[in-house]
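**Student:**
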Amino acid sequence: MTDKLPKLKNTSWIILLIIVFFLSLSMFFFIKDFSGVRRTFVFHSTEGGNLKIENRFEPVFPAQGKVRNYIDELLLGPISEHCKPVFEKGTKVDYMILEGSKLTVNLSKELLTADAFSTDFKSQIELFKLNIKKNFHGIKNIEIYIDKKIPFESISEKNLTDSNS
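Start counting the sequence shown at 272; every next residue gets the next number (our numbering).
1. Per DSSP, Ile413 is paired with what?
2. Where does the unbroken alpha helix (DSSP H) through Val357 begin, and where does it stop?
3. Taking the CB atoms as reference points, tell me whether Lys411 and Ser372 lie closer together than 8 Å.
4. Under a three-way DSSP split, which group does Lys420 fall into?
5. Between which two residues does the beta strand (DSSP E) holding Glu329 run?
6. Report whether the distance from the Cβ of Ser306 to the nearest heavy atom of the ligand GDP is below 7 Å.
7. Going by CA-CA distance only, name the one from Leu374, Leu398 and Glu359 that's closest to Thr384.
8. Any idea if Ile426 is buried or exposed, counting beta-carbon neighbours within 10 angstroms, 16 or more meaning buried?
9. What residue does the beta strand (DSSP E) around Leu312 start on, and which one ends it?
10. Please state whether the Cβ-Cβ distance between Lys323 and Asn377 is less than 8 Å.
11. Can you tell me where the alpha helix (DSSP H) with Ser379 in it begins and where it stops?
12. Exposed or buried, which one is Asn435 when buried takes at least 16 other CB atoms within 10 Å?
13. Distance, Cα to Cα, Ile396 vs Lys337?
14. Go through its chain and collect everything with a Cβ distance to Ser306's Cβ below 7 Å, but skip five positions before and after it.
15. Rounding to the nearest angstrom, what Cα-Cα distance links Phe332 and Asp343 in this structure?
16. Does DSSP put Ile368 in a helix, in a strand, or in coil?
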């Protein structure tokens, strides 16, 4: 039965080894030079209310996790001077919990500066959520807390109970 299979000559083995060597070498250089995962960041423009898009490459396996790394990069702000940061400088994540398709983010109280109330705060929150949903399609529900408090739900509920009275 083994007589039916053709035997490889020594030169065929050498050629096969050379091909395997070059394939392994090319895979090594591809993985070594791989710059990461491309992520999209959306910011408001400084010249009007238009939205600007930035693309950045992030590590494939960051130490703090993909979503947390992305949120930290988003809070650092844009690279371009023609864009405004999503939130005030100094805003950071106090904690973040990802359970299935639900993301809970608690942002620091540095977000609540005097300048934060002069801008359209609700659009900043929506832009923050848009950025996350655009890059992580598995996340369907995002809850944002600021200094462990819900920014809009408590205000909306109070207004509803006052108007029903």
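Backbone N, C-alpha and C define an ideal beta-carbon position, used for all residues, glycine too.
**Tutor:** If we stick to the structure as given:
1. The partner list for Ile413 (beta bridge, DSSP) reads Leu374.
2. No alpha helix (DSSP H) contains Val357, which DSSP labels as neither H nor E.
3. Yes; because the gap between Cβ atoms is below 8 Å, this pair is in contact.
4. In this structure, Lys420 counts as strand in the three-state DSSP scheme.
5. First-last of the beta strand (DSSP E) with Glu329: Leu322 to Glu329.
6. No copy of the ligand GDP appears in this structure; indeed no ligand is present at all.
7. Nearest in C-alpha terms to Thr384, of all of Leu374, Leu398 and Glu359, is Glu359.
8. Bear in mind that the predicted position of Ile426 carries a pLDDT of just 40, short of 50, making it too unreliable to give a figure here.
9. The question names Leu, but residue 312 in the sequence shown is Phe. From DSSP, the beta strand (DSSP E) with Phe312 extends over Val308 to Ser316.
10. Inclusion of Lys323 and Asn377 in the CB contact set at 8 Å is not warranted, their separation being larger than that value.
11. Secondary structure note for Ser379: it is in no alpha helix (DSSP H), with a DSSP letter that is neither H nor E.
12. At Asn435 the pLDDT is 42, less than 50, meaning the model places this residue with poor confidence and gives no usable figure here.
13. About 20 Å.
14. Leaving aside the five residues that flank Ser306 on each side, the residues in its chain whose CB is nearer than 7 Å to its CB run, in chain order, Phe328.
15. Between Phe332 and Asp343, the alpha-carbon positions lie close to 15 Å from each other.
16. Looking at Ile368 - three-state DSSP - the assignment turns out to be strand.
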